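Heads up, the thing below is written out as structure tokens.
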Amino acid sequence: MTAAKTPPRERRLPPFHQARVLVAGDVMLDRSWHGEATRMSPEAPVPVVLVNRDESRAGGAANVAVNAAALGAAVSLLGVTGEDADAAALDVQLAAAGVRADLVRVRSARTITKLRVLGGQQQLLRMDFEDGLSGSCDEPLLERLQPQLAQTRVVVLSDYGKGTLKEPWRFIERAREKGRLTLVAPKGTDFTRYRGASVLVPNRSEFEAVAGRCADDATLATRGLAMLRALSLDALLITRGAEGMTLLREGHPPLHVPTSATEVRDVTGAGDTVIAVLAAALAVDVPLPEAVALASAAAGIVIGKRGTCALSVTELERALSGPAEPPRGVVTEARLVDLVREAKARGERVALTLGCFDILHAGHVTYLAQLADLADRVIVAVNDDASVRRLKGPARPLNPVEQRMQVLAGLSSVDWVVPFTEDTPERLVCGLLPDLLVKGGDYRPEQVPGQRCVREAGGEVRILDFMEGCSTSGLVARIHERGGAKTAAPASQERG
Numbered sequence: 226m227t228a229a230k231t232p233p234r235e236r237r238l239p240p241f242h243q244a245r246v247l248v249a250g251d252v253m254l255d256r257s258w259h260g261e262a263t264r265m266s267p268e269a270p271v272p273v274v275l276v277n278r279d280e281s282r283a284g285g286a287a288n289v290a291v292n293a294a295a296l297g298a299a300v301s302l303l304g305v306t307g308e309d310a311d312a313a314a315l316d317v318q319l320a321a322a323g324v325r326a327d328l329v330r331v332r333s334a335r336t337i338t339k340l341r342v343l344g345g346q347q348q349l350l351r352m353d354f355e356d357g358l359s360g361s362c363d364e365p366l367l368e369r370l371q372p373q374l375a376q377t378r379v380v381v382l383s384d385y386g387k388g389t390l391k392e393p394w395r396f397i398e399r400a401r402e403k404g405r406l407t408l409v410a411p412k413g414t415d416f417t418r419y420r421g422a423s424v425l426v427p428n429r430s431e432f433e434a435v436a437g438r439c440a441d442d443a444t445l446a447t448r449g450l451a452m453l454r455a456l457s458l459d460a461l462l463i464t465r466g467a468e469g470m471t472l473l474r475e476g477h478p479p480l481h482v483p484t485s486a487t488e489v490r491d492v493t494g495a496g497d498t499v500i501a502v503l504a505a506a507l508a509v510d511v512p513l514p515e516a517v518a519l520a521s522a523a524a525g526i527v528i529g530k531r532g533t534c535a536l537s538v539t540e541l542e543r544a545l546s547g548p549a550e551p552p553r554g555v556v557t558e559a560r561l562v563d564l565v566r567e568a569k570a571r572g573e574r575v576a577l578t579l580g581c582f583d584i585l586h587a588g589h590v591t592y593l594a595q596l597a598d599l600a601d602r603v604i605v606a607v608n609d610d611a612s613v614r615r616l617k618g619p620a621r622p623l624n625p626v627e628q629r630m631q632v633l634a635g636l637s638s639v640d641w642v643v644p645f646t647e648d649t650p651e652r653l654v655c656g657l658l659p660d661l662l663v664k665g666g667d668y669r670p671e672q673v674p675g676q677r678c679v680r681e682a683g684g685e686v687r688i689l690d691f692m693e694g695c696s697t698s699g700l701v702a703r704i705h706e707r708g709g710a711k712t713a714a715p716a717s718q719e720r721g
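Under this note's numbering, the first residue of the sequence shown carries the number 226, and numbering increases by one thereafter.
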């Protein structure tokens, strides 16, 4: 069987603002505690996290609804929560996203909540809070579904196996009776529960748990078409992570859509984004192959971010139009202001570090590579020659600022390099307001120039460790020793 070529990506987005989407399923609250993990507990071999930020986001079916609403679609949400503080927090998130939520409150149940504890960017622990639903909530949800079908073009069933959708085929039947498309994100190994859906959207592991392991594309397509026929589906869309996704329909060759992702940071919530974009596109009559291409582009964006998040229309437009990558290298301060503003508009996280960087060594390279893992864009602000002399003495710098910046700009971890003339770059930092301000070495966060204005703007200040034995001053001292110099360079640990 010959695979079809991926259709050309549309240059313009469909009119998502005309889309009417109804989402039903397991709603959740995703919480994250962010902090610094700088020591081990004396009580047990576990890190101690000093929590400095508590973040809440909609998860599960609620994340599907938020993603569709972020595109401009009119979205309704059906689900079940407890009567607790997490339910109230979820209400706030949904209202802020413009989602019209109609949630069944069950006094005896606990709102499904996932709490992740992060030390820096590293997830250290995840705690799940859920009691399970002792009885069926299908009846009250079906009662809410019926009147909303008249205002809906597409119904999404987001099943996480938490008990909200015990009999999903009843929802599918109601939607089909009204001529509505039904998209299903399945869970478990009994896919017969989703018989008659318009499009079933499992990921590869979910599909293979039912159909068996597929060693190649041909096997996947053969078994997928067999599943499509057995379940009376209109289409089967298998998401395949870094391999993209495969669309299967009766009478059509398999359509393999490659991923557009250039970097995979976090796949959390990517499936929610795929089905949300697919639903919004189909709700405004975009042909299924083109809707799948849109969903693939959207997935490529969100897996490049960290945590559960919704993509913006601007991000999707840029992904589809294929804009040129912003220029990298040495830039002026005025140009950098524009570049940072554009990066933030794309939803990118911007980090800034600073220093002399007189002789670039392994410690610097490792440090900058670590910084690139924490942000989408990395800026290095470099002391000019006069400010280095004021800080380090008349014998420094060893390399003029133009050469120091040129070497830094050649690193793949660095996006932009900019000089500054003051003894500290506080004015520059406060003008740029990066999301993350970083310094290396024996500093405290409150000692970093510009830290106050960054924090007041909602940014983060962090100190990263250097490699032991790596410092410019140490290199200079060893050069003098081996050259037989009578006067060795100072042995202070210069980190910049």
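Built from N, CA and C at the ideal position, the CB exists for glycine as well.
Please read these numbers as outputs of a predicted model, since none were measured by experiment.
What do you get for Arg-245, buried or exposed, if any count of 16 or more other CB atoms within 10 angstroms of its CB means buried? buried
Three-way DSSP call (helix, strand, coil) for Glu-392 in this model: coil
Just the C-alpha distance for Ala-504 and Arg-553, rounded to the nearest angstrom, thanks. 37 Å
Using a Cβ distance threshold of 8 Å, determine whether the region 462-476 contacts the region 374-391, with at least three qualifying pairs required. no
Contact check, Leu-658 vs Ala-682 under 8 Å by CB: the rounded distance? 5 Å
Does the region 244-262 touch the region 299-307, meaning 3 or more C-beta pairs lie closer than 8 Å? yes
Determine, using beta-carbon pairs with one atom in the region 257-264 and one in the region 273-292, whether at least three such pairs fall under 8 Å. yes
Taking DSSP's pairing of strands, which residues face Ala-568 in a bridge? Its beta-bridge partners do not exist; DSSP assigns none.
With a cut-off of 8 Å on the beta carbons, I'd call Leu-408 and Val-379 a contact; round off their distance for me. 6 Å
Assuming contact is defined by CB atoms lying nearer than 7 Å, are Ile-604 and Leu-636 in contact in what I supplied? no
What's the gap between the Cα of Phe-582 and the Cα of Glu-540? 34 Å
Given a cut-off of 7 Å, decide if Ala-410 and Val-426 are closer than it, judged by their beta-carbon atoms. yes
So Thr-498 and Ala-524 are supposed to be a Cβ contact under 8 Å. How far apart are they, rounded? 6 Å
Return helix, strand or coil for Leu-577, following the three-state DSSP convention. strand
Work out the CA separation of Pro-514 and Pro-478 for me, nearest whole Å. 12 Å
Rounding to the nearest angstrom, what Cα-Cα distance links Val-639 and Val-555 in this structure? 10 Å
According to the neighbour-count rule (16 or more other Cβ atoms, all chains shown, within 10 Å of its Cβ), is Thr-464 buried or exposed? buried
Does Gln-194 come out as helix, strand or coil in the three-state DSSP assignment? The displayed coordinates of the chain run from 226 to 721. Any statement about residue 194 would go beyond what the structure contains.
Smallest Cα separation from Arg-399: which of Val-329, Val-381, Pro-483 and Val-590? Val-381
Under 7 Å between the Cβ atoms of Asp-311 and Thr-338? yes
Is the beta carbon of Arg-418 less than 7 Å from the beta carbon of Leu-456? no
Distance check for Ala-606 and Arg-332, CA to CA, integer angstroms please. 55 Å
Would you decide whether Pro-270 is buried or exposed? Buried here means 16 or more other CB atoms lie within 10 Å of its CB. exposed
Bridge partners of Thr-464, per DSSP? Asn-428 and Met-470
Scan the region 299-339 and note each continuous beta strand (DSSP E) run of 3 residues or more that stays entirely inside, going in chain order. 299-306 and 325-330
Assigned exposure category for Pro-267 - 16 Cβ within 10 Å defines buried: exposed
Taking the CB atoms as reference points, tell me whether Ala-568 and Ala-293 lie closer together than 7 Å. no
Is the separation between the beta-carbon of Val-643 and that of Leu-662 shorter than 7 Å? no
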